[in-house]
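*Asks:* If you're matching positions, the sequence shown starts at 205 in the numbering used here and goes up one per residue.
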Amino acid sequence: MGVEKSPALMPYGEEWRDSRKLINMALSQSAIKKYHAVQEDIAALLNKDLLEKPNDFISHLRLAAGRVVLSVTYGLFAENSQDQYIADAEEAMDLLGKGMAPGAFLCDYFPIMKHIPTWMPFHWRKEAERGRQAIQRTVELPYVAVKKMFSENCAPCSFTENLLSQRTDDPKFDEHAMWAASAMYGAGTETTFATSLTFVLAMAMNQDIQKKAQLEIDSIIGTDRLPTIADAAQLPYTMAVIKETMRWHPSVPISVPRRTSEDDVFRGYHIPKNTLVIPNFWAISQNTSNPGQFNPDRYLNQSMLDPSEWIFGIGRRICPGRYLAENSLIAIICGILSAFDILPLQNETIHPKFSPKHISFPEDFPCQIKPRSREKVELIHSCSVEAKLHFQNK
Ligand code: HEM
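#1: Taking the alpha-carbon positions, what's the Ala-387 to Thr-393 distance?
#2: Which term fits Tyr-289, buried or exposed, when burial requires 16 or more other beta carbons within 10 angstroms of its beta carbon?
#3: For Pro-215, does the three-state DSSP call read helix, strand or coil?
#4: Quick check on DSSP: helix, strand or coil for Arg-462?
#5: My assumption, with CB atoms under 8 Å, is that Leu-430 sits in contact with Leu-265. Please give the rounded CB distance.
#6: For the beta strand (DSSP E) that contains Tyr-473, what are its first and last residues?
#7: Can you give the Cα-Cα distance for Thr-449 and Tyr-347, rounded to whole angstroms?
#8: Just grab the DSSP bridge partners of Leu-547 for me.
#9: Could you tell me the alpha carbon to alpha carbon distance between Tyr-473 and Ala-487, rounded to whole angstroms?
#10: With contact counted as at least three CB pairs below 8 Å, one residue from each stretch, are the stretch 238–245 and the stretch 560–575 in contact?
#11: What's the gap between the Cα of Gln-438 and the Cα of Ile-424?
#12: Would you be able to state if there are at least three C-beta pairs under 8 Å between the stretch 507–524 and the stretch 536–556?
#13: Can you name, in chain order, every residue of its own chain whose Cβ lies under 6 Å from the Cβ of Arg-271, other than the five neighbours on each side?
#14: Select from Arg-526, Leu-583, His-585 the residue whose C-alpha is nearest the C-alpha of Ser-232.
#15: Thinking just about the alpha-carbon of each residue, which of Val-460, Pro-476, Pro-457, Ile-458 is nearest to the one in Glu-466?
#16: Let me see if you follow: with CB-CB separation under 9 Å, is Arg-224 close to chain C or not?
#17: Between the Cα of Lys-592 and the Cα atoms of Glu-244, Arg-520, Phe-485, which residue gives the shortest distance?
#18: Can you check whether the CB of Ala-384 is closer than 9 Å to the CB of Ser-263?
#19: Which residue wins for smallest C-alpha separation from Ala-408, given the options Ile-563, Asn-259, Leu-547?
#20: Which residues share a DSSP beta bridge with Asp-468?
#21: To the nearest angstrom, report how far apart Ile-458 and Glu-582 are at their CA atoms.
#22: For a test of your reading of the model: does the CB of Phe-485 fall under 8 Å from any non-hydrogen atom of the ligand HEM? Yes or no.
#23: May I have a chain-ordered list of the alpha helix (DSSP H) segments no shorter than 4 residues that lie completely inside the stretch 477–561?
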């Protein structure tokens with residue numbers, strides 16, 4: 205599909221190390237502090253969208269996740285979900301998601317199949333070509349837009365703007381920079397969306413847990429402002445809800461296949477160099493008592509391994525966006541809990557189903573999202589006006 209140029213899917217080597225260094229710098233724990241305000245503003249705009257069109261909650265959550273990464277990566281603001289960059293990226297991610305579902309495109313697992321002639325009536329060849337075009341647009345268009353603004357001295361601060369200010373004579377500079385930026389966008393949007401949608405599903409199915417988290421937020425933060433990312437340390441139960449959301453259904457149940465770079469032994473099994481290893485995060489998520497039950501209490505007990513230790517991968521390919529992602533989830537989830545009740549529809553039981561893609565999220569489910577009070581409606585309005593102003597003044 206052409207995605208082998210993306211640092212996320214590139215084999216280990218010098219090119220990957222160079223891109224990864226840039227991404228690590230942009231997304232380090234200290235670097236991402238400057239995005240707290242943007243993430244909180246995006247959570248405030250999400251609340252406004254949920255208030256106005258609660259039934260479209262899935263597309264609002266998708267837009268919020270896309271807005272964070274678009275803003276951090278390119279300094280661009282998406283007005284709505286019809287925004288061209290968001291629409292292109294969604295199409296690309298949809299096709300890539302199908303292509304990366306384990307075994308979906310046989311050529312991922314049996315590279316020799318890539319050499320089968322194009323006339324072969326294989327469904328995956330057609331899908332791969334559509335995916336290649338969508339990915340190309342996603343990779344090029346936002347980068348070209350930022351590059352133009354940069355040449356006119358009006359590019360807002362972002363990962364791409366920062367890269368452009370360090371431009372080298374390398375003839376491949378643009379290609380490397382645009383793929384590094386798009387890797388962040390591609391890897392960061394769908395995963396954050398999937399986790400926040402899983403949260404909404406879990407709340408619609410677990411009213412008591414939702415009320416307990418709301419009570420904690422009300423008692424610590426009060427009811428006249430929205431929680432901030434800095435408040436997280438004071439909200440242990442709400443943080444346990446976020447952790448349980450990540451464990452209950454990991455957004456990447458089966459991670460990116462990797463090859464071992466040397467011989468290894470694991471629990472008595474000999475693993476030869478070059479073995480394809482597929483990390484199974486789903487199995488890790490199930491390694492607890494009654495795994496199907498949504499139970500944040502398991503994280504109030506210190507002995508339970510925090511899911512952020514494994515849902516983001518391990519080793520040198522560990523997700524570089526993990527700190528940014530956690531903050532987005534804090535802003536989005538605390539913002540929703542503080543302002544809305546998520547309720548099941550009367551007389552309807554939810555039977556959760558998750559998409560069988562590489563990045564897996566709940567399939568359509570019925571629920572109601574209602575503001576918790578008239579005061580909350582006013583708060584949602586005033587916070588969203590402020591947030592909009594912040595974006596306009598950038
Ligand atoms: C809940 C949200 C997220 C989850 C669950 C998640 C999970 C993952 C996982 C499992 C991997 C593969 C790790 C491996 O191969 O061992 C990964 C890689 C990656 N993620 Fe994330 N991620 C999230 C958010 C983000 C965000 C917000 C960004 C950037 C803005 C990001 C950027 C990346 C990149 C660039 C890679 C490729 C790293 C490499 O191959 O060197 N991710 N992520």
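Note that beta-carbon positions come from the ideal geometry of N, C-alpha and C, so glycine has one too. Since the model is a prediction, treat every value here as computed from it, not as a measurement.
*Replies:* According to the structure shown:
#1: Counted from its first residue, the sequence shown places residue 387 at position 183. Counted from its first residue, the sequence shown places residue 393 at position 189. Computed Cα separation, rounded: 10 Å.
#2: Taking the sequence shown and counting its residues from 1, one reaches residue 289 at position 85. Tyr-289 comes out buried.
#3: Position 11 of the sequence shown holds residue 215. In this structure, Pro-215 counts as coil in the three-state DSSP scheme.
#4: Here the question's residue 462 lines up with position 258 in the sequence shown. In this structure, Arg-462 counts as strand in the three-state DSSP scheme.
#5: Start at 1 with the first residue of the sequence shown, and residue 430 comes out as number 226. Start at 1 with the first residue of the sequence shown, and residue 265 comes out as number 61. That belief does not hold up - the Cβ atoms of Leu-430 and Leu-265 are roughly 17 Å apart, past 8 Å.
#6: Counting from 1 along the sequence shown, the entry for residue 473 is found at position 269. Segment 473–475, the beta strand (DSSP E) holding Tyr-473.
#7: Along the sequence shown, one-based indexing puts residue 449 at 245. Along the sequence shown, one-based indexing puts residue 347 at 143. Whole-angstrom Cα-Cα distance: 33 Å.
#8: Within the sequence shown, the letter at position 343 stands for residue 547. Answer is Gln-572, bridged to Leu-547.
#9: Position 269 of the sequence shown holds residue 473. Position 283 of the sequence shown holds residue 487. Looking at the two C-alpha atoms, the distance is approximately 18 Å.
#10: no
#11: Taking the sequence shown and counting its residues from 1, one reaches residue 438 at position 234. Taking the sequence shown and counting its residues from 1, one reaches residue 424 at position 220. Cα to Cα, the separation comes out at about 7 Å.
#12: no
#13: Numbered from its first residue, the sequence shown carries residue 271 at position 67. If we look at Arg-271 and ignore the five residues flanking it on each side, its Cβ neighbours are Ile-246, Ala-282.
#14: Walking along the sequence shown from the start, residue 232 turns up at place 28. Comparing Cα positions, the closest option is Arg-526.
#15: Your numbering for residue 466 matches position 262 in the sequence shown. Closest by alpha carbon: Pro-476.
#16: Checking the listed chains, one finds no chain C in this structure; it contains a single protein chain.
#17: As a working note, residue 592 is residue 388 in the sequence shown. Checked all of Glu-244, Arg-520, Phe-485; the closest Cα to Lys-592 is Glu-244.
#18: For the purposes of this step, residue 263 is identified with residue 59 of the sequence shown, where counting begins at 1. For the purposes of this step, residue 384 is identified with residue 180 of the sequence shown, where counting begins at 1. For Ser-263 and Ala-384, no; Cβs fall outside 9 Å.
#19: The sequence position of residue 408 within the sequence shown is 204, counting from 1. Looking at the Cα atoms, Leu-547 is the closest of the given residues.
#20: Along the sequence shown, one-based indexing puts residue 468 at 264. Ile-475, per the DSSP bridge assignment.
#21: As a first step, residue 458 is located in the sequence shown; it is residue number 254 there, counting from the start. As a first step, residue 582 is located in the sequence shown; it is residue number 378 there, counting from the start. Between Ile-458 and Glu-582, the C-alpha separation is close to 42 Å.
#22: To locate residue 485, count along the sequence shown from 1; it is residue 281. Checking the Cβ of Phe-485 against the ligand HEM gives yes.
#23: 485–489, 526–543
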